[in-house]
Amino acid sequence: MSSQRLAGLRVLITQANEFMGPTLCEVFAEQGAVVLADDGPLTDPQAPARLVAGHGPIDVLVANLAVPAPSTPAHQVSEQEWRDTFAALVDPLPRLCQAVLPDMMARRSGRILVMGSAAALRGMKRTSTYSAARGAQLAYVQALGVEVASHNIQVNAIAQNLVDNPTYFPPEVQADPRFQERLRREVPLGRLVSAREDAEFAAYLCSAPAACFVGQVFPVCGGWVGR
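Add 1 to a position in the sequence shown, counting from 1, and you land on the number used in the numbering used here.
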């Protein structure tokens, strides 16, 4: 029987049909959470506030934000690519947090978890736009985390890569022999982290035993960052 460590908690998961959304929803529900799965667009500046207001009190916000990663050489990145990537990954995050924080602060209880990327922790060619946006997410988490810790609100992030998910590692990518060779060459674990392994860790970070973590970034990447 699954642990019920999230029993009764109202958990808002954004972009619930993308990136880690489907598995997060499944695992959090198994652990007793009331999952508020939303897949609406968040690029409208008013959308996050409407979303939170429409769902009522939120105990846990899981900011699961994703966009196809551009692979443009840095000197060819267009203004539009840069703006679109930040509009999808960065701009919604403070708006979501600003929407849930007043109630969390009043109750002196809350969790915010950002599903981020290890692309911000290790340089890769042709990822300047994506890595910069993911890095902005992590910097925000670190600053916000120390700011609201005194209100008994924990803000943290998972910086992941090489985790099984349909957005960045669909079946056709995983089946490519060149990708399998990359796993053997670059990842000490020798395989993708499973979606459930990642989601189980996310659930732990949103549970009571994880109350000691403040503005921390946790790499989940099978050792890829340390290479």
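All C-beta atoms, glycine included, are put in the ideal place defined by N, C-alpha and C.
None of these values were measured; they are calculated from a predicted model.
(message) Can you tell me whether Val111 is buried or exposed? The criterion is at least 16 other CB atoms within 10 Å of its CB, across all chains shown.
(response) The displayed chain sequence assigns Gly, not Val, to residue 111. Counting the other CB atoms within 10 Å of its CB gives Gly111 a total of 16 or more, which places it among the buried residues.
(message) Please tell me whether Leu114 and Ala48 are closer than 9 Å, where the distance is taken between their beta carbons.
(response) No; because the gap between Cβ atoms is not below 9 Å, this pair is not in contact.
(message) Please list the terminal residues of the continuous alpha helix (DSSP H) segment that includes Ser132.
(response) For Ser132, the uninterrupted alpha helix (DSSP H) segment begins and ends at 129 to 149.
(message) Pop quiz: Thr44 and Ala89 are said to be a contact at Cβ under 8 Å. What is the actual Cβ separation, rounded to whole angstroms?
(response) Their Cβ separation, rounded to whole angstroms, is 6 Å, which keeps Thr44 and Ala89 in contact under 8 Å.
(request) Classify Ser132 as buried or exposed, calling it buried when 16 or more other Cβ atoms lie within 10 Å of its own Cβ. (result) Ser132 is classed as buried because its beta carbon has at least 16 other beta carbons within 10 Å across all chains shown.
(request) Please specify which runs of the alpha helix (DSSP H), each continuous and at least 4 residues long, are wholly inside the stretch 72 to 134, giving them in chain order. (result) Contiguous alpha helix (DSSP H) elements confined to the stretch 72 to 134 occur at 80 to 90, 93 to 108, taking only those with 4 or more residues.
(request) Would you kindly report the start and end of the unbroken beta strand (DSSP E) that includes Phe29? (result) DSSP places Phe29 in no beta strand (DSSP E) but in the uninterrupted alpha helix (DSSP H) bounded by 22 to 31.
(message) Could you give the first and the last residue of the continuous beta strand (DSSP E) run that contains Val221?
(response) Here the beta strand (DSSP E) through Val221 covers 218 to 221.
(message) Output needed for Arg11: all residues of its chain with C-beta closer than 8 Å, excluding positions within five of it in sequence on either side, in chain order.
(response) Contacts found: Ala34, Val35, Leu37, His56, Gly57, Pro58, Ile59, Asp60, Val61.
(message) Our contact map puts Val218 next to Ala160 with C-beta atoms below 8 Å; I'd like the distance itself, whole angstroms only.
(response) At roughly 5 Å, the Cβ-Cβ gap stays under 8 Å, so Val218 and Ala160 are in contact.
(request) Kindly indicate if chain B contains any beta-carbon less than 9 Å away from that of Tyr131. (result) Within the model displayed, chain B is absent; a lone protein chain is all it includes.
(message) Less than 7 Å between C-beta atoms, sequence neighbours within five positions excluded: which residues of the same chain meet that for Val68?
(response) Around Val68: Thr86, Ala89, Leu90.
(message) According to DSSP, simplified to helix, strand and coil, what is Arg11?
(response) In this structure, Arg11 counts as strand in the three-state DSSP scheme.
(message) On the criterion of 16 or more Cβ atoms from any shown chain inside 10 Å, does Asn153 qualify as buried, or is it exposed?
(response) Burial check for Asn153: the Cβ neighbour count within 10 Å stays below 16, so the residue is exposed.
(request) Compare the Cα-Cα distances from Cys222 to each of Leu190, Phe214, Phe180, Val149 and report the closest residue. (result) Of Leu190, Phe214, Phe180, Val149, the residue nearest in Cα terms is Leu190.
(message) Give me the residue from Trp225, Cys207, Asn162 with the minimum Cα distance to Leu25.
(response) Looking at Trp225, Cys207, Asn162, the one whose alpha-carbon comes closest to that of Leu25 is Cys207.
(message) Measuring straight from C-alpha to C-alpha, what distance separates Ser151 and Asp40?
(response) Answer to the nearest angstrom: the Cα atoms are 31 Å apart.
(request) Determine the burial state of Met2: buried for a count of at least 16 other Cβ atoms within 10 Å of its Cβ, exposed for fewer. (result) Caution applies to Met2, whose pLDDT of 44 falls short of 50 and renders its modelled position unreliable; the model cannot decide the point.
(message) If you reduce the DSSP assignment to three classes, tell me which class Ala50 lands in.
(response) Per DSSP, reduced to three states, the secondary structure at Ala50 is helical.
(request) Reducing DSSP to helix, strand and coil, say where Arg6 ends up. (result) Reduced to three states, the DSSP call for Arg6 is coil.
(request) Go through its chain and collect everything with a Cβ distance to Leu193's Cβ below 8 Å, but skip five positions before and after it. (result) Result list for Leu193: Leu163, Val164, Asp165, Phe170, Gln175, Leu184, Gly223, in chain order.
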